[in-house]
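*Asks:*
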Amino acid sequence: MTDKNQVKIVKFIKGTLGGAFDQAITTIPGVNIVWGAIKGGVSAIRSERALDFIDYFQSNFEESDLSDEEFVDVLGNAFEEFLRQRDVHKRDLIKKILLAFKQSKNKRNFEAERMFQLLNLLSNNQINDLASLSSFGVFLPPSEEDFMAERIENFSFFKMIGLVNPKPVNKNPNYQLTQFGKDFALALKIKL
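Here the sequence shown stands for residues 19 to 210, where the numbers follow this note's numbering.
#1: Would you say N172 and D201 are within 9 Å of each other, going by their C-beta atoms?
#2: Assuming the contact rule is C-beta atoms closer than 8 Å, Q121 and I112 should be a hit. Round their C-beta distance to whole Å, please.
#3: With Q2 as the anchor, note down where its beta strand (DSSP E) starts and where it stops.
#4: Under a three-way DSSP split, which group does N124 fall into?
#5: Output yes or no for whether 9 Å exceeds the beta carbon distance between K125 and A205.
#6: Who does V182 pair with in a DSSP beta bridge?
#7: Quick check on the DSSP output: the alpha helix (DSSP H) that includes D83 runs from which residue to which?
#8: Is N95 buried or exposed, if buried means 16 or more other CB atoms sit within 10 Å of its CB?
#9: Does DSSP classify E171 as helix, strand or coil?
#10: Work out the CA separation of R169 and N192 for me, nearest whole Å.
#11: According to DSSP, is D105 part of a helix, a strand, or is it coil?
#12: If I72 sits next to L136, beta carbons under 8 Å apart, how far is it from one beta carbon to the other, in whole angstroms?
#13: Could you give the DSSP three-state label for E11: helix, strand or coil?
#14: For L116, collect the residues of the same chain with a Cβ closer than 6 Å to its Cβ; drop the 5 residues on either side in sequence, then sort them by chain order.
#15: Please state whether the Cβ-Cβ distance between A68 and L101 is less than 9 Å.
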């Protein structure tokens, strides 16, 4: 990556970390003192995350990717989500979504923003359930009562957010990934 593009990325990071929010919050009496104390710690953590994201970008993307306006939009969203995300596993999944977007032949219909939002909604247990579903294509929850109750709740949530459709088999709940569910699982590099 050239120095020119590294400068672009650094400017992008500074714009994301600073900006209107910082200016607005420092004008509120009392809050400005607390914000100053918090910002010192937050900046250090987020700076570390930003450097991790830049290393990933430099290893997996090329200068020419920055000439694609759609890619730059998704890159900006991915970067903001990456900085905010506390969970290391989910930060890795954000990277995978960005890479899947780059590799997509149909970027216009690739729902990267929806995928980022879903990561915030899903727990790691739910992501594991999604992995079990996508490994088999169809998932029939086992009959163990405690396990089944939690899984049925997860799959009801998956249905609500458009990841699965119920397919009754012998009057038992059975779930199949929707097209978006398949796209999401593929972006996360979960086997299908």
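Ideal Cβ positions, reconstructed from N, Cα and C, are used throughout, including at glycine.
*Replies:* Reading off the structure:
#1: For the pair N172 and D201, the CB atoms are not nearer than the 9 Å cut-off.
#2: Rounded, the Cβ-Cβ distance is 15 Å, inconsistent with contact.
#3: With the chain covering 19 to 210 only, the question about residue 2 has no answer from this structure.
#4: coil
#5: no
#6: Beta-bridge analysis with DSSP links V182 to L195.
#7: Unbroken run through D83: none, as it is neither H nor E.
#8: buried
#9: helix
#10: 11 Å
#11: coil
#12: Contact flag wrong, Cβ pair sits at about 25 Å.
#13: Because the chain here runs from 19 to 210, residue 11 falls outside it and cannot be looked at.
#14: A96
#15: yes
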